[in-house]
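Peer 1: Numbered per full-length UniProt numbering, the sequence shown finishes at 656, counting up by one with no gaps.
Glycine included, C-beta positions come from ideal geometry on N, C-alpha and C.
Submitted below is the structure of interest, expressed as structure tokens.
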Amino acid sequence: MSSRALRKLQRQRQTELLEEALDSESDEDDEFSSTSGKKVVNVFEILEKENNAINSEAEKSVSEEEQDEPLVEGESPIVSTNKKAKNKKKKKKQQKKKKVTGKRDLDNQSSDNEKLEGLESSKNIDDDIDEIEKAAAELKLKYREQDQVEHVAGVEESATIPLDKELDEKLNKLLGVNISMLNPDLEIRKIFGRIVEKRSVNARHDNLRRKRHVLVQPQEGWPPLVRSGLGMKLTGQSQDLECFFEITQSRAYQEVQETFEYYVQTYDPNNLLMLLRSHPFHIDTLLQVSEIIDQQGDHELSAELVARGLYAFDSILHPRFNLATGATRLPFAIPSNRRLFLCIWRYLQSLQSRGCWRTVFEFCKALLQFDMSDPYAIGTCIDIYALRRREFAWIIDFANYLENSNKISDTPNMLYSSALAMFYVHGDTTDTRASMLAAFERAPYMLSELLDTLNISFTKSSIPSPQDPVQELHSAMYALYAKDSWSDPTVLAFINSILEKETVTLHDVEGQFAELTENLSRRVILLNEQSLRKFLPQRILQGTILSFDPLPPDTYLSESQVFGRDISRRIASFLSDYLSRAREVNENEEEPPAHEFDLPPAEQLLQQIESEVGEESEDGTPVMTRLRSFFGSLFTSTNSETEPAEESTEEMGQGD
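Given below as structure tokens:
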């Protein structure tokens with residue numbers, strides 16, 4: 001019997017029991033009324049007799065059909081059919097209308113029949129359950145081998161999952177940002193408690209209507225942000241659910257950018273202030289003016305300007321832009337994306353002065369997930385912020401990821417910070433000592449300066465010194481910025497105990513770099529720490545470092561590509577087209593000029609460009625740089641200006 005039939009039979013049994021209870025109550029009421037009052041003639045007595053006759057004939061026919069079945073003494077025949085159930089219900093209704101004496105006999109007989117029927121139905125249900133269990137056992141036995149085969153196949157399939165995919169999933173989980181903790185006011189409120197301010201009801205309603213922002217909360221007094229000229233588009237999505245975005249700029253924004261680049265070359269801060277008044281949400285202008293004001297000592301206003309720039313980015317975030325996934329990518333090679341990197345970094349510097357280490361830590365995770373190449377070398381400092389925020393479990397997990405992905409050598413600071421985190425979590429244990437010894441032995445070049453900073457002496461053996469500029473920088477940066485986390489008395493006692501009691505084997509680690517890598521150089525520029533600038537390569541120190549785009553990637557290293565829309569390229573393109581057309585006109589003339597000085601000014605200019613700029617240079621200076629320098633000296637010279645040249649300049653302005 002199927003499970004559906006069993007449920008149907010159970011519902012039918014419950015219905016019959018309910019009706020039986022109702023019948024018994026009605027019988028008691030009838031009995032009470034018959035004994036207490038006069039005997040009343042039943043109006044439906046004739047109909048009852050006729051129905052009883054019909055029922056007796058039906059029972060007789062049923063008994064004739066079941067004559068072949070043996071019956072137990074005192075047991076009445078039971079037919080579990082829907083027709084029998086309907087007849088029994090009808091019979092119960094008719095029994096209510098009989099006399100009290102006859103009704104009692106029929107009720108007793110009906111109750112006996114129902115008890116026997118209940119026993120038989122329960123027996124049938126038990127038999128059906130046994131059949132179901134037997135069938136299930138047969139199915140289990142039948143498909144046992146198939147289940148084993150599928151289990152083995154599943155194990156093999158899970159074993160074939162690429163390790164890189166698992167590591168990427170783990171990294172995305174580690175770099176997922178807690179969006180609510182990007183608001184430094186919440187962290188300050190947790191530290192110092194809620195400060196109740198008396199505000200008007202309208203102000204509270206305004207806050208309720210205010211849009212929820214991700215990167216920064218707008219402040220009172222900021223100019224309204226109508227159109228910033230910025231946008232964000234989704235450029236691609238990988239199979240690992242990585243979403244790649246690009247920040248776009250409108251034509252009007254690009255024109256403001258060109259004006260900004262021109263003002264930067266004039267070295268006049270007043271021009272930038274005028275530009276900021278007319279375009280209060282231009283990112284590069286905000287960052288440049290913020291740096292100027294910070295150098296003048298107004299750190300609060302400087303931080304406010306940076307936050308305003310971050311607010312401009314917050315207003316254009318794509319709907320798919322979700323920092324909580326850990327898989328949001330903004331390629332650093334795109335110039336417009338680099339502005340968001342720099343804006344977040346400047347914002348972090350202002351948060352550090354306020355002691356908002358949790359907010360700084362969350363923003364660092366955002367910078368790491370933007371570009372996996374880590375262009376700002378956040379991996380060399382995020383552990384320090386995590387230690388200050390006591391995110392010990394995260395440090396240990398991140399160090400394990402770096403170890404499994406063979407990237408721990410690029411960030412030796414994680415060896416030391418993870419060992420320190422284990423001490424804070426587990427105390428002085430065997431595993432903690434082993435982890436600390438492993439850090440000393442794998443990155444011994446960082447130990448000497450750290451011990452000097454902590455005033456700890458080690459005389460058992462000599463400590464290896466750094467073998468290349470990268471090792472020197474790691475040692476100097478970690479000792480400079482992580483000393484507060486190592487200055488706890490319990491930590492100092494633990495370090496002294498290891499150095500005195502444990503066997504520490506230290507060997508030189510071979511250097512691999514002749515100079516700092518690009519990411520580390522960019523980090524030194526961003527830190528703006530004078531004691532670290534000595535590690536920068538001379539080619540960077542002697543070159544031009546732009547504060548609004550420090551050390552662009554290799555594809556944007558040439559000076560002509562540093563500025564957003566490349567003004568020199570547009571000038572060169574216009575002059576090239578103009579001079580080419582002028583040359584074609586000259587070639588169509590029947591009589592060529594007798595002397596070079598008789599050539600038209602356009603032809604003279606073209607020959608001068610070809611002779612002075614050329615295509616190659618022995619000193620390796622880019623052609624566009626020399627062309628730009630040539631144009632600068634050409635247009636600033638007042639002695640050689642002619643009318644055709646002025647006309648060409650006017651045409652260039654109209655072409656823009």
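Is the beta carbon of residue 188 sitting closer than 8 angstroms to the one on residue 356?
Peer 2: Against a cut-off of 8 angstroms, the Cβ pair of residue 356 and residue 188 comes out as a contact.
Peer 1: Report the three-state DSSP secondary structure of residue 391 (helix, strand or coil).
Peer 2: In the structure shown, residue 391 sits in coil (DSSP, three-state: anything other than H, G, I, E or B).
Peer 1: Just verifying my parser: in three-state terms, what is the DSSP assignment at residue 328?
Peer 2: Residue state, collapsed to three classes: strand.
Peer 1: Between which two residues does the beta strand (DSSP E) containing residue 495 stretch?
Peer 2: That residue, residue 495, is in no beta strand (DSSP E); its alpha helix (DSSP H) goes 489-501.
Peer 1: Pairs of beta-carbons, one from the stretch 490-507 and one from the stretch 430-439, closer than 8 angstroms: are there three or more?
Peer 2: Flag = yes, the stretch 490-507 and the stretch 430-439 touch.
Peer 1: Where DSSP assigns a beta bridge to residue 247, which residues make up the other side?
Peer 2: Per DSSP, 232.
Peer 1: Should residue 374 and residue 528 be called a contact, given that it needs their Cβ atoms to be closer than 8 angstroms?
Peer 2: Cβ atoms of residue 374 and residue 528: not closer than 8 angstroms.
Peer 1: Spatial neighbours of residue 291 within its chain, please: C-beta separation below 7 angstroms, excluding the five flanking residues on both sides.
Peer 2: 547.
Peer 1: Given a cut-off of 8 angstroms, decide if residue 394 and residue 171 are closer than it, judged by their beta-carbon atoms.
Peer 2: No, they are not a contact pair.
Peer 1: If the criterion is Cβ atoms closer than 8 angstroms, does the pair residue 342 and residue 287 meet it?
Peer 2: Against a cut-off of 8 angstroms, the Cβ pair of residue 287 and residue 342 comes out as a contact.
Peer 1: Classify residue 265: buried if its beta carbon has 16 or more other beta carbons within 10 angstroms, exposed otherwise.
Peer 2: Exposed, since its Cβ has fewer than 16 Cβ neighbours within 10 Å.
Peer 1: Between residue 450 and residue 412, what straight-line distance do the alpha-carbon atoms span, to the nearest angstrom?
Peer 2: Approximately 13 angstroms, taken between the alpha carbons.
Peer 1: Does residue 14 come out as helix, strand or coil in the three-state DSSP assignment?
Peer 2: Residue state, collapsed to three classes: helix.
Peer 1: Look up residue 237 in the DSSP assignment and say whether it is helix, strand or coil.
Peer 2: DSSP places residue 237 in strand when its eight states are reduced to three.
Peer 1: Does the distance from the C-beta atom of residue 167 to that of residue 409 stay below 8 angstroms?
Peer 2: Cβ atoms of residue 167 and residue 409: not closer than 8 angstroms.
Peer 1: Terminal residues of the continuous alpha helix (DSSP H) containing residue 335?
Peer 2: It spans 335-354 - the alpha helix (DSSP H) in which residue 335 sits, taken as one unbroken run.
Peer 1: Output the boundary residues of the alpha helix (DSSP H) element that contains residue 659.
Peer 2: Given a span of 1 to 656 for the chain in the structure shown, any question on residue 659 remains unanswerable.
Peer 1: For residue 281, does the count of other Cβ atoms within 10 angstroms reach 16, so buried, or fall short, so exposed?
Peer 2: Residue 281 is buried by the Cβ-count criterion.
Peer 1: Give the C-beta separation of residue 181 and residue 359 to the nearest angstrom, bearing in mind that I take them to be a contact with Cβ-Cβ under 8 angstroms.
Peer 2: So it is a contact: roughly 6 angstroms between Cβ atoms.
Peer 1: Given a cut-off of 8 angstroms on the beta-carbon distance, is the pair residue 479 and residue 517 in contact?
Peer 2: Result no, Cβ atoms of residue 479 and residue 517 do not sit closer than 8 angstroms.
Peer 1: Do residue 238 and residue 315 count as a contact pair if the criterion is CB distance below 8 angstroms?
Peer 2: The answer is no: Cβ separation not under 8 angstroms.
Peer 1: Between the Cα of residue 401 and the Cα atoms of 390, 418 and 389, which residue gives the shortest distance?
Peer 2: Looking at the Cα atoms, 418 is the closest of the given residues.
Peer 1: By how many angstroms is the C-alpha of residue 481 removed from the C-alpha of residue 437?
Peer 2: Answer to the nearest angstrom: the Cα atoms are 21 angstroms apart.
Peer 1: DSSP state of residue 84, grouped into three classes?
Peer 2: In this prediction, residue 84 scores a pLDDT of 45, lower than 50, which makes its location untrustworthy; the coordinate-derived value is nonetheless stated afterwards. DSSP places residue 84 in helix when its eight states are reduced to three.
Peer 1: Should residue 671 and residue 366 be called a contact, given that it needs their Cβ atoms to be closer than 8 angstroms?
Peer 2: Because the chain is modelled from 1 through 656, residue 671 falls outside the range shown and cannot be assessed.
Peer 1: Does DSSP put residue 407 in a helix, a strand or coil?
Peer 2: The answer is coil: DSSP assigns residue 407 none of H, G, I, E or B.
Peer 1: Within 10 angstroms of the Cβ of residue 223, are there 16 or more other Cβ atoms? Answer buried if so, exposed if not.
Peer 2: Under this definition residue 223 is an exposed residue.
Peer 1: Here's the rule I'm using: 16 or more other beta-carbon atoms within 10 Å means buried, otherwise exposed. How should residue 415 be labelled?
Peer 2: By the neighbour-count rule (16 or more Cβ atoms within 10 Å), residue 415 is buried.
Peer 1: Can you tell me whether residue 523 is buried or exposed, with buried defined as 16 or more other CB within 10 angstroms of its CB?
Peer 2: Buried, since its Cβ has 16 or more Cβ neighbours within 10 Å.
Peer 1: Just confirm the distance between the C-beta atoms of residue 248 and residue 336, as a whole number of angstroms; I'd bet it's less than 8 angstroms.
Peer 2: Contact flag correct, Cβ pair sits at about 7 angstroms.
Peer 1: Use the C-beta contact count for residue 319: other C-beta atoms within 10 angstroms, 16 or more gives buried, fewer gives exposed.
Peer 2: Residue 319 should be labelled exposed.
Peer 1: Among 243, 472, 464 and 178, which one has its Cα closest to the Cα of residue 506?
Peer 2: Closest option to residue 506, Cα to Cα, is 464.
Peer 1: Where do the ends of the alpha helix (DSSP H) carrying residue 685 lie?
Peer 2: Residue 685 is absent from the model: the chain starts at 1 and stops at 656.
Peer 1: Consult DSSP for residue 536 and reduce its assignment to one of helix, strand or coil.
Peer 2: Looking at residue 536 - three-state DSSP - the assignment turns out to be coil, as it is neither helix nor strand.
Peer 1: From what residue to what residue does the alpha helix (DSSP H) around residue 357 run?
Peer 2: Here the alpha helix (DSSP H) through residue 357 covers 357-370.
Peer 1: Take the Cβ of residue 362 as the centre, count every other Cβ of all protein chains shown within 10 Å, and call the residue buried at 16 or more, exposed below.
Peer 2: The residue in question, residue 362, is buried, as its Cβ has 16 or more Cβ neighbours within 10 Å.
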